[in-house]
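If you use the working numbering, the sequence shown closes out at 684, no skipped numbers anywhere.
One structure is given below, encoded as C-alpha cells.
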Amino acid sequence: MAGSGGPVALFSVWDYVVFAGLILFAAGIGLFQAIRGRKESSSDEFLLGGRQMTAVPVALSLTASFMSGITVIGTPAEAYLYGTPFWLFVFSYTIMSVISAELFVPLFYRLGITSTYEYLEMRYNKLLRVIGTSMYIAQTALYTGMVIYAPALALNQITGLDLWGVLVATGAVCIVYCTLGGLKAVIWTDVFQMIIMLSGFVAVIARGAVLQGGLGNIWNDSYHGGRLETFSFDPDPLRRHSFWTIVVGGSLMWASMYSINQSQVQRYISCKTMTHAKLSLYVNMVGLWVTVSLAMLSGLTMYSIYKDCDPFTNKDVGATDQLLPYLVMDILGDFPGLPGLFVAAAYSGTLSTVSSSINALVAVTVEDFMKPAWPRLTERQLSFINMGMSVFYGGVCIGMAGIASLMGNILQAALSIFGMISGPLLGLYLLGMFFRCVNSTGGLTGLICGLVITLWVGIGAQLYPPLPEKTLRLPLSVEGCIAPEMNETTTTTPFTTILQTTTPKPRPDLADSWYSLSYLYFCPVGIIVTMVTGLTVSAITGGCKQQKTRPELYIGKSDLICFGCNSDSEVSELIEKDSKNIQGLDSPVFSSNEIALKEKDCKDKITKF
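Here's what the structure looks like:
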C-alpha cells in the first residue's frame, strides 16, 4: 500500500525499454543535427548555431538547462521538508529576466561577443578575462559533476541501476551529441527533454491525486501539515528561506546565472536578432514559473501520501534526495513504463545541463585561451579543437562527480556554488558597466576580496550547517508505517546530508552567526564586497583619471530609462558607430591586429542587420 513504508518495486523490463528509448532518442537528435549541418562546420556554427536560432526553442533550452536532475529530484523534496516558501522564486525569476533582457542582452549584442568574459578584457585587461574564465570553468566543472552524481546516486538506490555505469553512460551520451552537433544539437535536444521532464512531474501529480482522492485533499493535507505557509517577512538574514532572502538574495543569484554565466548567455546570443534574444528570456521566465510550480505540487503530493509515514525517518531511504524516486517506484510501480518515464525525466534534466555545460566550457576555452594564443587557426582546425575539447570536458565532468558526493543536500549545495563564485563575478561586471572611474586594479582587488569572503562563509556553512531553528524543517510522522520487522531488508545509504540536526564536532563562535547566513545571501555579499572594494581601490589608484574608454562598454541612460526601446535597427546604428570609433581607439587593451578584427566583425554585423 502506497504511503505505508517498506521496500518498493524495482525497474521492470518495460521501464528499461522506455528509459533507454527516450535517452537514445535524445542522442539521435544530436546526431541528426550533426548530419544536417555537416556542410556548415565553422566554429561560429558549432558554438552559437550560426547565430540563427529563434526565441522559443532557445527559451525552452534555457528552462531545460535550469531543470537539471538536481531540480527534478531536489525541489519536490524541498516542498516535502520545508513547505512552499521555495515557490517565491517566481518573483526572483521575474526580476532576473528583466535584468538580463534589458541590461545585459543589449550590451552583449552591441559588442558581438561569443564568450561573456571577452567583456572583461574590453573593459579591464587580459588578466581579469583569464581569471573570470578560470572561475567559470572551475564552478561549472564542479556543478556539472554534482548534476551527474547526485541524481545517479538517488536513482541507483531506488531503481537498482548501476551507479558508475549510469554516470559514464550519461557523460558518454552528452559527449556524443555535443561533439558532433554543437549548440544546435544541445538546444533542440533540450526542447525534447523539457517535454519529458514536465511529463514526469505531471505523472506523479496525476497518480497522487487519484490515490488521495483529488488535488483538494492534497491541498488540505498540506495546509494542516504547515506546508502552505509561503510568505514569511522575517528580516533575519540567518533565516534559510524568507520573502527577503528569496526575493533579494535569490534574484541576484539567478541574475548572476542568467546574465553572465556562459552556459545561459551562449544560448540567447545565438538568436538571430536581439528581439528574439529578449523574447527568449521572457518565455523562459514563464517556463520557470511552470516548472517550479509543478515541482512544488509534486512535493506536496508526496507529503500528502507520506504524512503518516516519512520514508526518511523510517529508514526506507538513506537521503532526502531519494524521496521522489522512492515515491515514483511506490505509486507508479504497477504501471510498466511510467517509472522509466520519470527516470528519463530526471536524466533528461541531467543530460540537458551536462550538455550545455560542456558546450559552454568549450566556447570559453576556445575563445579565451585558444584563439588568443594561436590567432591563425583555420576553421577546420578550430572544428577539430571544438570536438576534442568536448570529449575532454565530458571526461572532466564525470571525474568531478566523485567530489560532488561530499557536498550534502544537492539543491542547496548547487545554488550555493553559484552564489559563492558568480556573486563576485557579477559585482565585477556591474562595476565595469556602471562606473567609468573603476580601473583594472580596483576590479582585480574587488574580485579577489569578494571571492575570499564568499568562499569563507560558504565553506564554513558546509562544515558547520545551520541549526534547525534557522532552517525550519517541518515535522514528519512515522505513526502510520508498517511494523519495523517488515523493513529488515531496507538498508541506509552512506550519504552526508546538510539536514542533520546534530553534529559531533564542536561549533566555533562564528557557526551560529556568520556561517549560518542564508545561502541565498552569498551572492549579494560577494557583489557588495566586490563593488565597494573595487570603487575604493580605484579611487585610491586614480581610476577616474584613466584614459578614454569605449562608450559602448557602459550602460547608458537609454538602457535604464527606456526598457526595451533598443530595436535591432538601433543596434545596427550602434555597431556602425562603433566601427567608426574603433579607428581612433586609444586603449592598451587592443593590439592593431585585434582592432582590425573588431572592424571586420562590425562590418559583418552591419551587413547581417
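In this text, a Cβ means the ideal position worked out from N, Cα and C, and glycines have one as well.
Nothing here was measured: the structure is a model prediction, and the numbers come from that model.
At a cut-off of 8 Å, would you count residue i as near the ligand PLP, judging by its Cβ distance to the nearest heavy atom?
| i | result |
| --- | --- |
| residue 172 | Annotation note on the ligand PLP: not contained in the displayed structure, which lists no ligands. |
Since residue i sits in a beta bridge, which residues does DSSP pair it with?
| i | result |
| --- | --- |
| residue 346 | 128 |
When the Cα of residue i is compared with those of the options, which residue comes out closest?
| i | options | result |
| --- | --- | --- |
| residue 128 | 432, 289, 348 | 348 |
| residue 517 | 286, 612, 554 | 612 |
| residue 303 | 342, 334, 375 | 375 |
| residue 509 | 324, 628, 313, 275 | 628 |
| residue 324 | 598, 395, 610 | 598 |
| residue 207 | 497, 370, 288 | 497 |
| residue 363 | 528, 439, 139 | 139 |
| residue 147 | 246, 275, 131 | 275 |
| residue 332 | 395, 280, 489, 240 | 489 |
| residue 174 | 94, 386, 340 | 340 |
| residue 422 | 441, 131, 156, 265 | 265 |
| residue 337 | 410, 326, 439 | 439 |
| residue 472 | 89, 218, 312 | 218 |
| residue 758 | 502, 586, 154 | Given a span of 76 to 684 for the chain in the structure shown, any question on residue 758 remains unanswerable. |
| residue 468 | 491, 441, 436 | 436 |
| residue 352 | 271, 273, 184, 153 | 184 |
Return the CA-CA distance between residue i and residue j, expressed in angstroms with no decimal places.
| i | j | result |
| --- | --- | --- |
| residue 420 | residue 549 | 28 Å |
| residue 216 | residue 381 | 36 Å |
| residue 160 | residue 210 | 31 Å |
| residue 357 | residue 135 | 11 Å |
| residue 214 | residue 320 | 23 Å |
| residue 415 | residue 378 | 22 Å |
| residue 470 | residue 476 | 10 Å |
| residue 589 | residue 82 | 41 Å |
| residue 444 | residue 505 | 24 Å |
| residue 288 | residue 294 | 11 Å |
| residue 240 | residue 145 | 19 Å |
| residue 335 | residue 530 | 19 Å |
| residue 368 | residue 614 | 46 Å |
| residue 283 | residue 406 | 7 Å |
| residue 65 | residue 608 | The requested residue 65 is not part of the displayed model; the chain covers only 76 to 684. |
| residue 162 | residue 328 | 16 Å |
| residue 412 | residue 401 | 16 Å |
| residue 355 | residue 130 | 4 Å |
| residue 521 | residue 605 | 4 Å |
| residue 392 | residue 98 | 26 Å |
| residue 137 | residue 457 | 26 Å |
| residue 121 | residue 466 | With a pLDDT of only 45 at residue 121, under the threshold of 50, the placement of this residue in the model should not be trusted, and no figure is reported. |
| residue 583 | residue 539 | 9 Å |
| residue 305 | residue 314 | 14 Å |
| residue 221 | residue 617 | 43 Å |
| residue 199 | residue 235 | 52 Å |
Does DSSP put residue i in a helix, in a strand, or in coil?
| i | result |
| --- | --- |
| residue 511 | coil |
| residue 390 | coil |
| residue 544 | helix |
| residue 362 | helix |
| residue 335 | coil |
| residue 192 | coil |
| residue 313 | coil |
| residue 557 | coil |
| residue 649 | Residue placement at residue 649 is flagged as unreliable, the pLDDT there being 48, under the threshold of 50; a coordinate-derived value is accordingly withheld. |
| residue 382 | coil |
| residue 409 | coil |
| residue 326 | helix |
| residue 298 | helix |
| residue 608 | helix |
| residue 398 | helix |
| residue 239 | helix |
| residue 307 | coil |
| residue 403 | helix |
| residue 434 | helix |
| residue 589 | coil |
For residue i, count neighbouring C-beta atoms within 10 Å of its own C-beta (all shown protein chains included) and say buried if the count is 16 or more, exposed if not.
| i | result |
| --- | --- |
| residue 308 | exposed |
| residue 541 | buried |
| residue 96 | exposed |
| residue 281 | exposed |
| residue 680 | Annotation note: pLDDT 45 at residue 680 (below 50); position unreliable, no value reported. |
| residue 178 | buried |
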